[in-house]
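Student:
Residue numbers (the numbering used here), protein chains in the order written: chain X, 1 to 145; chain Y, 146 to 366.
1) For residue 275 of chain Y, decide whether its Cβ has a neighbour in chain X, counting only Cβ atoms nearer than 8 Å.
2) From residue 127 of chain X to residue 10 of chain X, what distance separates their C-alpha atoms?
3) Which runs of the beta strand (DSSP E) fall wholly inside the segment 203-290 of chain Y and span at least 3 residues, in chain order?
4) When you compare the CB positions of residue 254 of chain Y and residue 306 of chain Y, do they come within less than 8 Å of one another, or not?
5) From the DSSP output, in three-state form, read off residue 200 of chain Y for me.
6) Please check the pair residue 455 of chain Y and residue 215 of chain Y, which I expect to be a contact at CB under 8 Å, by giving their CB distance rounded to whole angstroms.
7) Quick one: residues in its chain with C-beta nearer than 7 Å to the C-beta of residue 99 of chain X, no 5 flanking neighbours on either side, listed in chain order?
8) By a C-beta neighbour count over all protein chains shown, 10 Å radius and 16 as the cutoff for buried, is residue 256 of chain Y buried or exposed?
9) Tell whether a beta-carbon distance below 8 Å holds between residue 63 of chain X and residue 111 of chain X.
10) Near residue 296 of chain Y, what residues of its chain come up, given a Cβ to Cβ distance below 8 Å and the 5 sequence neighbours on each side ignored?
11) If I follow the unbroken alpha helix (DSSP H) through residue 159 of chain Y, where does it start and stop?
12) Quick check for students: name the residue ranges of the beta strand (DSSP E) that lie wholly in the segment 56-101 of chain X, counting only runs of 3 or more.
13) What's the call for residue 130 of chain X, buried or exposed, on a 16-neighbour Cβ count within 10 Å?
14) Could you tell me the boundaries of the beta strand (DSSP E) in which residue 336 of chain Y lies?
15) Expressed to the nearest angstrom, what Euclidean distance is found between the alpha-carbon atoms of residue 150 of chain Y and residue 81 of chain X?
16) List, in chain order, every chain Y residue whose beta-carbon is nearer than 9 Å to that of residue 102 of chain X.
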């Protein structure tokens, strides 16, 4: 309910991964090994005119669960000021070599979630944003422990 | 790594853990002494002036806090009257997943003691810290992996309490992860329960690397 108040409906954002394999335990979630390259593109379909100051694509990890959130941005791709018009789809490509750690993890109180975060910095309005998770773990390790 | 730049003030090795424990005990003694001095300077003169009875009863919890801090700080010293402080050695400070390491722990008895049990447990611990209002809470969850246990009994002077063991990090485990509010740690927790004498309850961290051990015997685990 409260989340909805802070969610923008000015654009439909989706992330398409061009690399990575489907994880066996979490189908539909792309999986990468440490040192792999995560690449793809972000699709933004605006529903109204958006004048953004910055368009940011971050490849990052964050913790979820009982504790306060810790997060770290691994790579940032920034597009300078621009305008998006309804009906015209904007694509932003991204690519980064992933680090060795931390691996994706899902425990009792802590989860480490890797993902691609997209955010359009819009003045005086709620920023349209989206987070698309993926798994970073070696093939022999399981993120669900 | 980006997340390693975050400021973790958590001991990473058994040696650091021992130093932190010693520092904590000394700090407690210091705080206890300062507390008792403050109590005696500010509260005692007034209470003496007002006579005995309820005012003295009011003073008891304040004195108990100071004495409690000093006693807690002195526990290893008191324990050392009958049993030597633990001697610890870990064959490697950082290990890979699937790798084994030797943990050596022994204490020598100076006097006759009845030991209820003594065990060294290798655990993976999740620690999550969060704030609600102005209070900070910490939740922990431990997954025991391997235990070395010595059954209790009567120990005579000169006898050794030996908890040495070769532990192995599970191949499908998680590496050590330290962030400001969330931690995944590997620890060897030592618990020695001694009848009518202060117990040993200490934890020594083991750094687990995000690498798989490829050496001899790794494929069998």
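Glycine included, every Cβ here is placed at the ideal spot set by N, Cα and C. This one's a predicted model, so the numbers in the text were calculated from it and none came from an experiment.
Tutor: Let me lay it out:
1) Within the second chain, numbered from 1, the residue matching residue 275 of chain Y stands at position 130. Taking a beta-carbon distance threshold of 8 Å, residue 275 of chain Y counts as an interface residue toward chain X.
2) Sequence index remark: in the first chain, residue 127 of chain X carries index 127 (1-based). Sequence index remark: in the first chain, residue 10 of chain X carries index 10 (1-based). Going from the Cα of residue 127 of chain X to the Cα of residue 10 of chain X covers about 9 Å.
3) With a minimum length of 3 residues, the continuous beta strand (DSSP E) runs that stay inside the segment 203-290 of chain Y are 232-235, 239-242, 245-253, 258-277.
4) Against the second chain, residue 254 of chain Y aligns to sequence position 109. Against the second chain, residue 306 of chain Y aligns to sequence position 161. Their beta carbons are under 8 Å apart, which means residue 254 of chain Y touches residue 306 of chain Y by this criterion.
5) To locate residue 200 of chain Y, count along the second chain from 1; it is residue 55. Helix, per DSSP.
6) Residue 455 of chain Y lies beyond the residue range present for chain Y, which begins at 146 and ends at 366; the question has no answer from this structure.
7) By 1-based counting over the first chain, the position of residue 99 of chain X is 99. If we look at residue 99 of chain X and ignore the five residues flanking it on each side, its Cβ neighbours are 34, 74.
8) Walking along the second chain from the start, residue 256 of chain Y turns up at place 111. Looking at its Cβ environment, which holds fewer than 16 other Cβ atoms inside 10 Å, residue 256 of chain Y is exposed.
9) Residue mapping note: residue 63 of chain X aligns to position 63 of the first chain, counting from 1. Residue mapping note: residue 111 of chain X aligns to position 111 of the first chain, counting from 1. Yes, they are a contact pair.
10) As a working mapping, residue 296 of chain Y is identified with position 151 in the second chain. Excluding positions up to five away in sequence, the list reads 262.
11) Residue mapping note: residue 159 of chain Y aligns to position 14 of the second chain, counting from 1. Residues 159-187.
12) 71-79, 82-84, 90-97
13) As a first step, residue 130 of chain X is located in the first chain; it is residue number 130 there, counting from the start. So residue 130 of chain X ends up on the buried side.
14) As a working note, residue 336 of chain Y is residue 191 in the second chain. Element bounds for residue 336 of chain Y: 327-339.
15) Residue numbering aside, residue 150 of chain Y sits at position 5 when the second chain is read from its first letter. Residue numbering aside, residue 81 of chain X sits at position 81 when the first chain is read from its first letter. Caution applies to residue 150 of chain Y, whose pLDDT of 43 falls short of 50 and renders its modelled position unreliable; the model cannot decide the point.
16) Residue numbering aside, residue 102 of chain X sits at position 102 when the first chain is read from its first letter. Those within 9 Å of residue 102 of chain X in chain Y are 146, 148, 319, 320, 322, 324, 329, 355.
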